[in-house]
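Going left to right, the sequence shown walks through residues 217 to 370 as the working numbering numbers them. Backbone N, C-alpha and C define an ideal beta-carbon position, used for all residues, glycine too. This report concerns only the one structure given below.
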Amino acid sequence: MKKILAAMAAIGLVGVASAQSVPLNVSATVDTACAFGATSYDMAFSNYGANLGNVDTATAISLTCNTGASYFIGLSGGGSGDVNARTMGALAYQLYKTTGRTTVWGDTAGDRVGSTGTGAAQSFTIFGRIPDSIANRSVVAGTYTDTVNIVISF
Numbered sequence: 217m218k219k220i221l222a223a224m225a226a227i228g229l230v231g232v233a234s235a236q237s238v239p240l241n242v243s244a245t246v247d248t249a250c251a252f253g254a255t256s257y258d259m260a261f262s263n264y265g266a267n268l269g270n271v272d273t274a275t276a277i278s279l280t281c282n283t284g285a286s287y288f289i290g291l292s293g294g295g296s297g298d299v300n301a302r303t304m305g306a307l308a309y310q311l312y313k314t315t316g317r318t319t320v321w322g323d324t325a326g327d328r329v330g331s332t333g334t335g336a337a338q339s340f341t342i343f344g345r346i347p348d349s350i351a352n353r354s355v356v357a358g359t360y361t362d363t364v365n366i367v368i369s370f
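As structure tokens, this is what we get:
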């Protein structure tokens, strides 16, 4: 009987191993980040001619920022370098924040558009106008272009 008990005790001890536990600390840092929804955007005005009045157009841009990230979107002055006097060569035009085309969209603290990220794509409309003016009516017929940089600051 003693031999059976000793054998049973030995068998039970063979399967027992030591165990130890330590924590695995997992962490990550989420940076404030924003990204445009496209690599470039286009704005095309319809044809402008003398006595046609202002020519208006609009285009949408989109971007995604982390939830809670504060950001500002600025539009450069383009080739003229002046947000208050944008030109496509000799043809004057302007970019605005509102449908009424009364507030110029620029690249300084007072004239940028600001918002807070939601983690989802957010859309913003840029409103453009070629104003009917004596100077614009004097421009030689042709195709005129400009490149404006869209900048996100976050």
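Other residues of its chain near residue i: CB distance less than 6 Å, five sequence neighbours each side excluded
i, result
"Val355", "Ala306 and Leu307"
"Ser296", "Arg302 and Thr303"
Cutoff 7 Å; reference residue i; Cβ partners in own chain excluding five residues on either side
i, result
"Met259", "Thr273, Thr275, Ile342 and Gly344"
Pick from the options that is closest to residue i, judged by C-alpha positions
i, options, result
"Ala357", "Asn263, Thr318 and Ser256", "Asn263"
"Ser278", "Thr319, Val329, Ala266 and Ile346", "Val329"
"Ser256", "Thr363, Ala325 and Ser237", "Thr363"
"Asp247", "Gly316, Gln338 and Ser286", "Ser286"
"Thr283", "Ala337, Gly316, Ser369 and Asn300", "Ala337"
"Gly335", "Gly316, Ala249 and Thr324", "Ala249"
"Gly269", "Ile366, Asn365 and Arg353", "Arg353"
"Thr359", "Gly265, Thr319, Gly333 and Val299", "Gly265"
Residues near residue i in its chain [Cβ-Cβ closer than 8 Å; skip 5 each side]
i, result
"Tyr309", "Phe261, Arg302, Thr303, Gly344, Arg345, Ile346, Pro347 and Asp362"
Bridge partners - residue i, DSSP secondary structure assignment
i, result
"Val367", "Gly290"
"Ile340", "The amino acid occupying residue 340 in the given sequence is Phe; Ile does not appear at that position. DSSP output for Phe340 lists Ile277 as bridge partner(s)."
Rounded Cβ spacing between residue i and residue j (contact assumed at less than 8 Å)
i, j, result
"Ala251", "Thr280", "6 Å"
"Ser339", "Phe288", "Rounded, the Cβ-Cβ distance is 16 Å, inconsistent with contact."
"Leu291", "Gly326", "Not confirmed; about 13 Å, so no contact."
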